[in-house]
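*Asks:* The following block contains the structure, expressed as structure tokens.
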Amino acid sequence: MERMNDEVAALLQEYADLIAITGGDAFKIRVYEKAARSVGGFAQDIAGLDERGLRRIPNVGASIAAKIDEYAHTGAIHQLEELRARVPAGVRLLTTIPTLGPKKAMVLYRERGIDSVESLERAIHAGALQGLPGFGARTEENLLHGIQVLGKTGRRVHIGLAMPLAEDIVARLAAVPGCDRCAYAGSLRRMKDTIGDIDVLATADDSAPLMSAFTALPCVTEVVARGETKCSVRTPTLQVDLRVVRRDSWGAALQYFTGSKAHNIRTREIAVHRKLKLSEYGVFDVNTGARIASAREEDVYAMLGLPWIPPALREDGGEIEAAVLGELPRLATDADIRGDLHTHTRLSDGLATLEEMAAAAAARGYAYYAVTDHAPNLYMQRMTDDKALDQRERVRRLGSAHPGTRFLHGTELNLDPDGEVDWPPEFLAGFDVCVASVHSHFTLPRARMTRRLVRACENPHIKIIGHPTGRVIGRREPVDADWEEVFAACARTGTALEIDAFPDRLDLPAGLARRALGHGVVFSIGSDAHAVPHLANMRYGVGIAQRAWLDPGHVINTWPPDRLLRFLGDGRGR
DNA sequence: GCCGTTTTCGGCCCGACTGTTTTCAGTCG
1 MERMNDEVAA
11 LLQEYADLIA
21 ITGGDAFKIR
31 VYEKAARSVG
41 GFAQDIAGLD
51 ERGLRRIPNV
61 GASIAAKIDE
71 YAHTGAIHQL
81 EELRARVPAG
91 VRLLTTIPTL
101 GPKKAMVLYR
111 ERGIDSVESL
121 ERAIHAGALQ
131 GLPGFGARTE
141 ENLLHGIQVL
151 GKTGRRVHIG
161 LAMPLAEDIV
171 ARLAAVPGCD
181 RCAYAGSLRR
191 MKDTIGDIDV
201 LATADDSAPL
211 MSAFTALPCV
221 TEVVARGETK
231 CSVRTPTLQV
241 DLRVVRRDSW
251 GAALQYFTGS
261 KAHNIRTREI
271 AVHRKLKLSE
281 YGVFDVNTGA
291 RIASAREEDV
301 YAMLGLPWIP
311 PALREDGGEI
321 EAAVLGELPR
331 LATDADIRGD
341 LHTHTRLSDG
351 LATLEEMAAA
361 AAARGYAYYA
371 VTDHAPNLYM
381 QRMTDDKALD
391 QRERVRRLGS
401 AHPGTRFLHG
411 TELNLDPDGE
421 VDWPPEFLAG
431 FDVCVASVHS
441 HFTLPRARMT
451 RRLVRACENP
461 HIKIIGHPTG
471 RVIGRREPVD
481 ADWEEVFAAC
491 ARTGTALEID
501 AFPDRLDLPA
511 GLARRALGHG
521 VVFSIGSDAH
531 AVPHLANMRY
541 GVGIAQRAWL
551 DPGHVINTWP
561 PDRLLRFLGD
571 GRGR
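Here the first sequence stands for residues 1 to 574, numbered as in my numbering.
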């Protein structure tokens, strides 16, 4: 079940969309969009706040507070209901078609009664749009194509698909003669768990060779737009946008194209207050027109009176305020990771042998490394007591081959619906680390799911809750639990929550992890590797940790070995 | 509709590309 914050954020966004479609004031639209983001990102649960409390949320004033209050008490907002009555839901859906925005959607509805994607398609084929101002032959073609695209590639993909594609494109463009610098920006640089499109930035004196190379990339299936500085293409999975700017604009362009949009709006507002103008070309003095910063991102932020802000924080989620106060966190990075506490081998469902995984872990420079094959209740894995004990002996012998790495013998237990696990306490006591995860019964009622997870925390042998929500991006929804209660239990019992770094899990998600942080919970970033290459997925987990504002102190697998072992021993590590 | 280092009114982020139009509105990021 979602927090009321998320419900209200969705309603405010819908209200903004409907104002746009009905031709309302553009500034009013922006305010509702801003308020929707503020409410969604507000740390505190807004359920139970009175109007005065609601007005402490940024961008929520008297009018919006009253609407939220009305929703809290009646389950509806009457102004929203009025707009819904005027604009069928299908008209709002029309605006999800690329190139079709609120203005054209309203013209289609008002002039031709079109209220769904299907009726739009029929109308175009029937020639019913002819004579409609603003809808020429080319526009009709684009709309039909947009409808096709919507059905195929309009969806976000997890970062594990987008990142390799982006890195390949960047490498190819960087090799184009005349290309000075090249990097990906956008949500990928911010390490979002899902990616809607890839933004690539390059610098060159002449953009033409880059544009030609870009549109000729083997992955390109279609060129959407092509200008001198901007070019968009589609690939089978995602749209990719390339922007080419001059060398001396690199910092400003990188800041701009990294986003997020909400963060950029804030930085530009700050610029305006300082009588400056911020664009992808630099920071300019409004009075003289002179450019006063642009080469490096640090310079751009400095002109706004801010320290450089890590990309993962740039969501207008409090990072501007923290930067002003000099209170930005020292985020955990890849370099801080000293080990991996969730991995598999061929003994259960992994692909590599224990020795292969151990060698790869040592090659990564890990100070410690835990093998956590599945426990018996995941019946397909055919785990037995003897197999586990035999593996333990083999783990103990690994140290001689890799003296720099401390090898830990662990297991990934299965939480049954009551929070019980595969083995009795005396057997669990023999493991160095026990991860416990939900692998079945994903749809328990909220209270029961909450009790299941809290009971896992209360088991003194369980030190880490694996992939806590059980979500699989695009395939399985997160389980429904009272997360505040689960987080409180983790903090009370000293149980770490995993940030599973496998790219289709990324679980805990960043939003929940940040809420857990507020309870004083600690985290383990685990690769959940089932093969040697999967160990490298750790970086996606680090990205999530950064988006959750975690510093190394919050992440147990950045801790020195002795502190980690104390944690695994008594659950506190202090 | 919100907000205040121009503070209770008058502002509100910036620019590229496309299509249909002759100077710009709509869309997108």
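Positions of the beta carbon are idealized from the N, C-alpha and C atoms, including for glycine.
Please identify the residue among P478, R246 and E7 whose C-alpha is closest to the C-alpha of H439.
*Replies:* P478
*Asks:* In angstroms, rounded to a whole number, what distance separates the CA positions of G573 and L565?
*Replies:* With a pLDDT of only 43 at G573, under the threshold of 50, the placement of this residue in the model should not be trusted; the figure read from the coordinates follows. Distance between the alpha carbons of G573 and L565: 7 Å.
*Asks:* So the candidates are A536, Y109, R274 and L413; which of them puts its Cα closest to the Cα of V435?
*Replies:* L413
*Asks:* So what's H554 in DSSP terms, helix, strand or just coil?
*Replies:* Note: H554 maps to helix in three-state DSSP.
*Asks:* Report yes if the CB atom of A208 is closer than 7 Å to the CB atom of G251, and no otherwise.
*Replies:* In this structure, G251 does not lie closer than 7 Å to A208 by Cβ.
*Asks:* When DSSP labels each residue in this structure, what does A225 get in the three-state scheme?
*Replies:* strand
*Asks:* In this structure, does DSSP put K28 in helix, strand or coil?
*Replies:* helix
*Asks:* Does the Cβ-Cβ distance between A204 and C179 come in under 7 Å?
*Replies:* yes
*Asks:* Quick check on DSSP: helix, strand or coil for K104?
*Replies:* The answer is helix: DSSP assigns K104 an H, G or I state.
*Asks:* Below 6 Å CB to CB, which residues in the same chain sit around L313 once its five sequence neighbours on both sides are set aside?
*Replies:* E319
*Asks:* Give every residue of the same chain whose Cβ lies closer than 7 Å to the Cβ of N142, excluding the five residues on either side of it in the sequence, and list them in chain order.
*Replies:* T99
*Asks:* Give the straight-line distance between the Cα atoms of W559 and A322, rounded to the nearest whole angstrom.
*Replies:* 25 Å
*Asks:* Just grab the DSSP bridge partners of K277 for me.
*Replies:* Paired residue(s): F284.
*Asks:* Round the Cβ separation of A202 and C182 to the nearest angstrom and send it over; I've been treating them as touching at under 8 Å.
*Replies:* 4 Å
*Asks:* Counting only the same chain and skipping the five closest in sequence on each side, list residues whose C-beta sits under 6 Å from that of G196.
*Replies:* R156
*Asks:* Whole-angstrom Cβ separation of I464 and A496, contact assumed at under 8 Å?
*Replies:* Confirmed, about 5 Å.
*Asks:* My guess is that T450 and E420 are in contact by the Cβ rule of under 8 Å, so how many angstroms apart are they, rounded?
*Replies:* Contact flag wrong, Cβ pair sits at about 15 Å.
*Asks:* Could you check if T267 is buried or exposed, using at least 16 other CB atoms within 10 Å of its CB as the buried criterion?
*Replies:* buried
*Asks:* Ignoring anything shorter than 4 residues or poking outside the stretch 183 to 254, list the alpha helix (DSSP H) runs there in chain order.
*Replies:* 186 to 189 and 208 to 215
*Asks:* Considering only DSSP beta bridges, list what T411 is partnered with.
*Replies:* D373 and C434
*Asks:* When we look at the beta-carbon of E426 and count the other beta-carbons within 10 Å, is it buried (16 or more) or exposed?
*Replies:* exposed
*Asks:* Between the alpha carbons of I292 and A262, how many angstroms are there, rounded?
*Replies:* 23 Å
*Asks:* Please return the same chain residues whose Cβ sits closer than 8 Å to the Cβ of M1, not counting the five positions on each side in sequence.
*Replies:* With a pLDDT of 49 at M1, under the threshold of 50, the modelled position of this residue cannot be trusted, and the question is left open.
*Asks:* Look at H344 and H530 and say whether their C-beta atoms are less than 7 Å apart.
*Replies:* In this structure, H530 lies closer than 7 Å to H344 by Cβ.
*Asks:* Which residues does DSSP list as the beta-bridge partners of G526?
*Replies:* D500
*Asks:* Helix or strand or just coil, what does DSSP make of D418?
*Replies:* coil
*Asks:* Any idea what DSSP makes of G466, helix, strand or coil?
*Replies:* Note: G466 maps to strand in three-state DSSP.
*Asks:* Determine the contact status of S527 and A501, defining contact as a CB-CB distance below 7 Å.
*Replies:* yes
*Asks:* Between the Cα of L210 and the Cα atoms of I265, L165, L238 and L242, which residue gives the shortest distance?
*Replies:* Checked all of I265, L165, L238 and L242; the closest Cα to L210 is L242.
*Asks:* Could you say which of E356, E118 and I114 lies nearest to H534 if we only look at CA atoms?
*Replies:* E356
*Asks:* Answer with buried or exposed for Q546, where buried requires no fewer than 16 other C-beta atoms within 10 angstroms of its C-beta.
*Replies:* buried
*Asks:* Residue range of the beta strand (DSSP E) that R291 falls in?
*Replies:* R291 to A293
*Asks:* Taking the alpha helix (DSSP H) that C179 falls in, what are its first and last residues?
*Replies:* It is not in any alpha helix (DSSP H) - C179 carries neither H nor E in the DSSP assignment.
*Asks:* So, helix, strand or coil for H342, using DSSP?
*Replies:* coil
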